[in-house]
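First to last, the protein sequences are chains A and B.
Mapping of the first sequence onto our numbering: position 59 corresponds to residue 59, and the numbering continues sequentially without gaps.
Throughout, our numbering is defined as the position within the second sequence, counted from one, plus 106.
Right, one structure below, let's go through it.
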Amino acid sequence: DIQMTQSPSSLSASVGDRVTITCRASRSVFTYLNWYQQKPGKAPKLLIYAASSLESGVPSRFSGSGSGTDFTLTITSLQPEDFAIYYCQQSFNTPTFGQGTKLEIK
Amino acid sequence: EVQLVESGGGLVQPGRSLRLSCTASGFTFGDYPMNWVRQAPGEGPEWIGFIRSQAYGGTTEYAASVKGRFTISRDDSKGIAYLQMNSLKTEDTAVYYCSTSRASNWYDFDHWGQGTPVTVSS
């Protein structure tokens, strides 16, 4: 299986900040990379698919980039509702998720 | 609006069986593959398997961790997907979610249910 490694594992930021979360795959997944947001007690929510495509209804302050093994999720101008756990997931073959990045309020 | 509602979770002893259901509405259920994803406490999600639509033979794929113990099926007439879990182990304790896939990639999970918790303990 392809291993997905996220960094950092946790991150403190303030409302209005710009933050970047990184995801690395153990081998190339081309652009088969998704990002999810999960809030406590809720299911994950798809934010970004195919590395950089914004899922319908997701605010434009979320963006994704990368290809091959290295990917980033960027959130510009953090809003209070953005504090959550973020997961990357490769969709190239048998799906695997990263361990998550917890975004906390500073 | 797409809605997925899981049911059937609960407390079960190791070695026993449990069947989960995922009742779908708001879309043409038979046209889409259905996935099951689980999440153990404090861990990231883990994909455990999916079933293709009948147009693709209704065949299934499983993660190595559950292959041979778990079986996914579907009843398109009722709009329900099932997860039959046999020979349960304590490490199967998790919240179990069903999800749909985007049409362009079966491994893009675009809609999820609220999840049903399964606890395997004696």
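Beta carbons: idealized from backbone N, C-alpha and C, even for Gly.
Flag residue i as yes if its beta-carbon sits less than 9 Å from any beta-carbon of chain B, otherwise no.
{"i": "Lys-45/A", "result": "yes"}
{"i": "Phe-83/A", "result": "no"}
{"i": "Ala-51/A", "result": "no"}
{"i": "Lys-42/A", "result": "yes"}
Using the three-state DSSP reduction, which class does residue i fall into: helix, strand or coil?
{"i": "Gln-79/A", "result": "coil"}
{"i": "Ala-25/A", "result": "strand"}
{"i": "Tyr-162/B", "result": "helix"}
{"i": "Asp-137/B", "result": "helix"}
{"i": "Asp-17/A", "result": "coil"}
{"i": "Glu-104/A", "result": "strand"}
{"i": "Thr-196/B", "result": "helix"}
{"i": "Ser-113/B", "result": "strand"}
Pop quiz: residue i and residue j are said to be a contact at Cβ under 8 Å. What is the actual Cβ separation, rounded to whole angstroms?
{"i": "Phe-232/B", "j": "Val-111/B", "result": "Because chain B here runs from 107 to 228, residue 232/B falls outside it and cannot be looked at."}
Considering just the uninterrupted stretch of the beta strand (DSSP E) at residue i, what are its terminal residues?
{"i": "Asp-181/B", "result": "176–181"}
{"i": "Pro-8/A", "result": "That residue, Pro-8/A, is in no beta strand (DSSP E); it is neither H nor E in DSSP."}
{"i": "Thr-222/B", "result": "222–226"}
{"i": "Ala-200/B", "result": "200–208"}
{"i": "Arg-125/B", "result": "124–131"}
By Cβ distance below 6 Å, which residues in the same chain neighbour residue i in space, the five residues on each side in sequence not counted?
{"i": "Tyr-87/A", "result": "Tyr-36, Phe-97, Gly-98 and Gly-100"}
{"i": "Phe-133/B", "result": "Val-108"}
{"i": "Thr-74/A", "result": "Thr-20 and Ser-63"}
For residue i, would you say it is in contact with chain A, using Cβ-to-Cβ distances shorter than 9 Å as the test?
{"i": "Gln-109/B", "result": "no"}
{"i": "Ser-131/B", "result": "no"}
{"i": "Pro-120/B", "result": "no"}
Using a Cβ-Cβ cutoff of less than 7 Å, which residues in the same chain neighbour residue i once the five nearest sequence positions on both sides are dropped?
{"i": "Gln-90/A", "result": "Ile-2, Met-4, Ala-25, Val-29, Tyr-32, Leu-33 and Thr-96"}
{"i": "Gly-221/B", "result": "Glu-112, Val-201, Tyr-202 and Tyr-203"}
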